[in-house]
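Engineer: Here you go, one structure.
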Amino acid sequence: MQHRLRLIGLPVALALCAVLAALSVRPSDAARVAPQAARQSDDGQLDDPARIASARPRERDQAALVEMFKGTGDIPEVARSAPLPVKVGDVQQFNVVNSLEDTSYVVTATLRYAGPIVLMYVDNAARVNQDAIRRSARTFETKIYARDRALFGPERSPGVDGDPRLTILNTPLSGAGGYFSSADSVVKAVNRFSNEREMFVIGINSYPLGTNAYAATLAHEFQHMIAANQQQRSPSWFNEGLSTLAEDLNGYVKQRTAQLALAQPDIRLTGWSSSAAQTGEHYGASHLFMRYFHQHYAGDRGLQELARQDAGNDLDAFARIAARKRPDIRSFADLYADWAVANYVNNRAIGDGRFSYRLLPRRAEASLAHAGEGMTTVNQFGADYLGVVRGPATLSFDGADSVSLTGTPPASGGAMWWSNRGDDSVSTLTRSFDLTGLEQATLIFSAWHEIERDWDYAYVAVSVDGGGTWQALR
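Letter by letter, the sequence shown follows residues -30 to -1, 1 to 444 of mature numbering (1 follows the signal peptide of the UniProt record, and there is no 0).
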């Protein structure tokens, strides 16, 4: 896609800010503007997997982005410096997300329980038994809170609200059983929909208060809150894998999504589809892998190391930890292969025991290979299991030696800027142009993007004050 922009005749700095985008830029022939000298690239680094894997986009700083684009300076990190002055019976309005429609709406709720660790609010439109509220709150305070923190580390505390207590809002939800949103952990000057609390929301239409399913969801969402403090940019498969493992390790074992993944083992472990139809399989695959890794290599004490080593983005961190026990594991691919075999054979008597683990609800589903020639495909870090009838058979495999980072070649020349990819990240390409004496100038650039709707954005912005403030161009 080619874009044409006009720039006024002033010294400007131009920034292309993008997530999941690839851009190639050239100044228009209409104005012979000399940018700063471009650094010559080493062609060898363009195809170096290690260099690409080590490239890390910057973490997104929401306050810095507001200051940059809105000119708002000195945004405070917290809304309060003292605990919330609340008591049971107080009424509060909260912004709640409808994940089906990606909209926000207001819920009016009453504080029904105030303990040393948690504040429990209940939607005024919902009828909930007080004993169930108290029972669930005490389960969290006496069991789940300490267990999750021991496994994964502490949450941000006292946080944006100045209160070490966590807020739990109980209300019916559409499209989710519960959620933690990092948007609630910033001040309203950064995100006007923020509730300015360390909190999560539980859908009591899916998980009624007082039940084990509700408690499991508390363990799950609290891990997400902890992850936001421990490692901001963890990808979905890794973060959700730890949250489902948190359910297991708090004693709430669920198998539904694991069953789905074993029925569709070609689901990519290290990806997360935007299709809701595959969400269950993704949850199940990441859950099973974390179960396997926890049982064989991490244990309770090793889970925080995964966060410290950024294992969700640096996959070989898993292999480095596993190699302490089994030195023949040299890469994440080796570890994945062991897990894939375990999902089918699950037998401790084979080899050194690595091809089995507890809580595997069933064997992975295999397809029968019919007589004659046939062909199939398999995803990266996905598995196909072929059942072969007795007798001789020949299996040929032809896999790609490499894959493209993007879905398009450069618009011109042999290279382009790749913004990298990742949650909660910012990538920028900035060049300075001296437009003194020009009445107008036109910048022409080509762009290709694959972004997540309502979550990822790309901007072209201009600054006339040396990068102090920026204006997004339309």
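The beta carbon of each residue, even a glycine, is placed where N, CA and C say it ideally should be.
So, with DSSP's three-state summary, where would you put threonine 214?
Structural biologist: For the purposes of this step, residue 214 is taken as residue 244 along the sequence shown, with counting starting at 1. Looking at threonine 214 - three-state DSSP - the assignment turns out to be helix.
Engineer: Nearest by alpha-carbon distance to asparagine 182: which of Thr406, Gly221 and Gln193 is it?
Structural biologist: Taking the first residue of the sequence shown as 1, we reach residue 182 at position 212. Considering only alpha carbons, the answer is Gly221.
Engineer: Starting from the Cα of alanine 197, find the closest Cα among Glu111, Tyr184, Ala216 and Arg104 and give me that residue.
Structural biologist: As a working note, residue 197 is residue 227 in the sequence shown. For the residues Glu111, Tyr184, Ala216 and Arg104, the minimum Cα distance to alanine 197 belongs to Ala216.
Engineer: In this structure, does DSSP put residue 445 in helix, strand or coil?
Structural biologist: Only positions -30 to 444 of the chain appear in the structure, and residue 445 is not among them; the question remains open.
Engineer: Using a Cβ-Cβ cutoff of less than 6 Å, which residues in the same chain neighbour arginine 262 once the five nearest sequence positions on both sides are dropped?
Structural biologist: Residue numbering aside, residue 262 sits at position 292 when the sequence shown is read from its first letter. Before going further, note that residue 262 is tyrosine rather than arginine in the sequence given. If we look at tyrosine 262 and ignore the five residues flanking it on each side, its Cβ neighbours are Trp309 and Tyr327.
Engineer: Please report the distance separating the alpha-carbon of residue 452 from that of alanine 381.
Structural biologist: Residue 452 cannot be examined here, being either before or after the span of the chain that is shown, -30 to 444.
Engineer: I'd like the list of long-range same chain contacts for alanine 102, defined as Cβ closer than 6 Å, with 5 residues on each side in sequence excluded.
Structural biologist: Looking up residue 102 in the sequence shown gives position 132. Same-chain partners within the cutoff: Leu179 and Gly180.
Engineer: Please state whether DSSP places tyrosine 83 in a helix, a strand or coil.
Structural biologist: Locating residue 83 in the sequence shown gives position 113, counting from the first residue. Note: tyrosine 83 maps to strand in three-state DSSP.
Engineer: Could you tell me which residues DSSP puts in a beta bridge with glycine 407?
Structural biologist: Position 437 of the sequence shown, counted from the first residue, corresponds to residue 407. Beta-bridge pairing links glycine 407 to no other residue.
Engineer: Do aspartate 131 and arginine 30 have their C-beta atoms closer together than 7 Å?
Structural biologist: Here residue 131 refers to the residue found at position 161 of the sequence shown. Here residue 30 refers to the residue found at position 60 of the sequence shown. In this structure, arginine 30 does not lie closer than 7 Å to aspartate 131 by Cβ.
Engineer: Could you check how far apart the C-beta atoms of leucine 305 and alanine 292 are, in whole angstroms? I think they sit under 8 Å.
Structural biologist: Mapped onto the sequence shown, residue 305 falls at position 335. Mapped onto the sequence shown, residue 292 falls at position 322. That pair is a contact at about 5 Å.
Engineer: Helix, strand or coil for glycine 352 per DSSP?
Structural biologist: Taking the sequence shown and counting its residues from 1, the one referred to as residue 352 is at position 382. Correct three-state label for glycine 352: coil.
Engineer: Return helix, strand or coil for methionine 38, following the three-state DSSP convention.
Structural biologist: Indexing the sequence shown from 1 puts residue 38 at position 68. In this structure, methionine 38 counts as helix in the three-state DSSP scheme.
Engineer: Check whether the Cβ atoms of valine 66 and valine 77 lie closer than 7 Å to each other.
Structural biologist: As a working mapping, residue 66 is identified with position 96 in the sequence shown. As a working mapping, residue 77 is identified with position 107 in the sequence shown. It is a contact, given that the beta carbons lie within the stated cut-off.
Engineer: Per DSSP, glutamate 29 forms a beta bridge with which residues?
Structural biologist: The residue given as residue 29 occupies position 59 in the sequence shown. Bridge partners of glutamate 29: Ser395.
Engineer: Please classify serine 256: is it buried, with 16 or more other beta-carbons within 10 angstroms of its beta-carbon, or exposed?
Structural biologist: If you number the sequence shown from 1, residue 256 lands on position 286. Counting Cβ neighbours within 10 Å, serine 256 comes out buried, since at least 16 surround it.
Engineer: Counting C-beta neighbours from all protein chains within 10 Å, is the total for threonine 187 16 or more, i.e. buried, or is it exposed?
Structural biologist: Numbered from its first residue, the sequence shown carries residue 187 at position 217. Burial call: buried.
Engineer: For glutamate 275, which residues in the same chain have their Cβ closer than 7 Å to its Cβ, ignoring the five residues on either side in sequence?
Structural biologist: Along the sequence shown, read from residue 1 onward, the residue named residue 275 stands at position 305. Excluding residues within five positions, the ones whose Cβ falls inside 7 Å are Ile291.
Engineer: Count Cβ pairs between the region 139 to 155 and the region 114 to 121 that sit closer than 8 Å; are there 3 or more?
Structural biologist: Not touching, per the Cβ criterion.
Engineer: Given this structure, state the Cα-to-Cα distance separating phenylalanine 259 from threonine 214, to the nearest angstrom.
Structural biologist: Here the question's residue 259 lines up with position 289 in the sequence shown. Here the question's residue 214 lines up with position 244 in the sequence shown. Looking at the two C-alpha atoms, the distance is approximately 11 Å.
Engineer: Starting from residue 462, trace the alpha helix (DSSP H) in both directions and tell me its first and last residue.
Structural biologist: Because residue 462 is not part of the residues shown, which for the chain are -30 to 444, the question remains open.
Engineer: Got a sec, what are the start and stop residues for the beta strand (DSSP E) valine 67 sits in?
Structural biologist: Residue numbering aside, residue 67 sits at position 97 when the sequence shown is read from its first letter. Residues 61 to 68.
Engineer: With a cut-off of 8 Å on the beta carbons, I'd call threonine 400 and methionine 38 a contact; round off their distance for me.
Structural biologist: Reading the sequence shown from its first residue, position 430 is the one you call residue 400. Reading the sequence shown from its first residue, position 68 is the one you call residue 38. Incorrect: roughly 12 Å between the Cβ atoms, too far for contact.
Engineer: Please state whether DSSP places arginine -5 in a helix, a strand or coil.
Structural biologist: As a first step, residue -5 is located in the sequence shown; it is residue number 26 there, counting from the start. Below a pLDDT of 50, predicted positions are generally treated as unreliable, and arginine -5, at 30, falls in that range; no measurement from the model is reported.
Engineer: Are valine 92 and asparagine 140 closer than 7 Å when you measure CB to CB?
Structural biologist: Position 122 of the sequence shown, counting from 1, holds the residue named residue 92. Position 170 of the sequence shown, counting from 1, holds the residue named residue 140. Taking 7 Å as the Cβ cut-off, valine 92 and asparagine 140 qualify as a contacting pair.
Engineer: Measuring straight from C-alpha to C-alpha, what distance separates glutamate 111 and glutamate 125?
Structural biologist: Start at 1 with the first residue of the sequence shown, and residue 111 comes out as number 141. Start at 1 with the first residue of the sequence shown, and residue 125 comes out as number 155. Computed Cα separation, rounded: 14 Å.
Engineer: For the beta strand (DSSP E) holding aspartate 93, just list the boundary residues, first then last.
Structural biologist: Counting from 1 along the sequence shown, the entry for residue 93 is found at position 123. That run of the beta strand (DSSP E) goes 88 to 93.
Engineer: Please give me, in chain order, every unbroken run of the beta strand (DSSP E) with length at least 3 that falls completely inside the region 98 to 153.
Structural biologist: Listed in chain order, they are 136 to 141 and 148 to 150.
Engineer: Tell me which residues share the same chain as proline 235 and place their Cβ nearer than 6 Å to its Cβ, disregarding the 5 neighbours each side in the sequence.
Structural biologist: Within the sequence shown, numbered from 1, the residue matching residue 235 stands at position 265. Ala334 and Ala353.
Engineer: Please classify glycine 282 as buried or exposed, where buried requires at least 16 other C-beta atoms within 10 Å of its C-beta.
Structural biologist: The count along the sequence shown starts at 1 and reaches residue 282 at position 312. Label assigned to glycine 282: buried.
Engineer: Quick check for students: name the residue ranges of the beta strand (DSSP E) that lie wholly in the region 288 to 358, counting only runs of 3 or more.
Structural biologist: The region 288 to 358 contains these whole beta strand (DSSP E) runs: 337 to 339 and 356 to 358.
Engineer: Just the Cα atoms here: how many angstroms apart are glutamine 410 and alanine 431?
Structural biologist: Taking the sequence shown and counting its residues from 1, one reaches residue 410 at position 440. Taking the sequence shown and counting its residues from 1, one reaches residue 431 at position 461. Their Cα atoms are separated by approximately 16 Å.
Engineer: Please report how far the alpha carbon of leucine 321 lies from the alpha carbon of glycine 357, in whole angstroms.
Structural biologist: Residue mapping note: residue 321 aligns to position 351 of the sequence shown, counting from 1. Residue mapping note: residue 357 aligns to position 387 of the sequence shown, counting from 1. Reading the sequence as shown, one finds glycine at residue 321 and not leucine. Looking at the two C-alpha atoms, the distance is approximately 21 Å.
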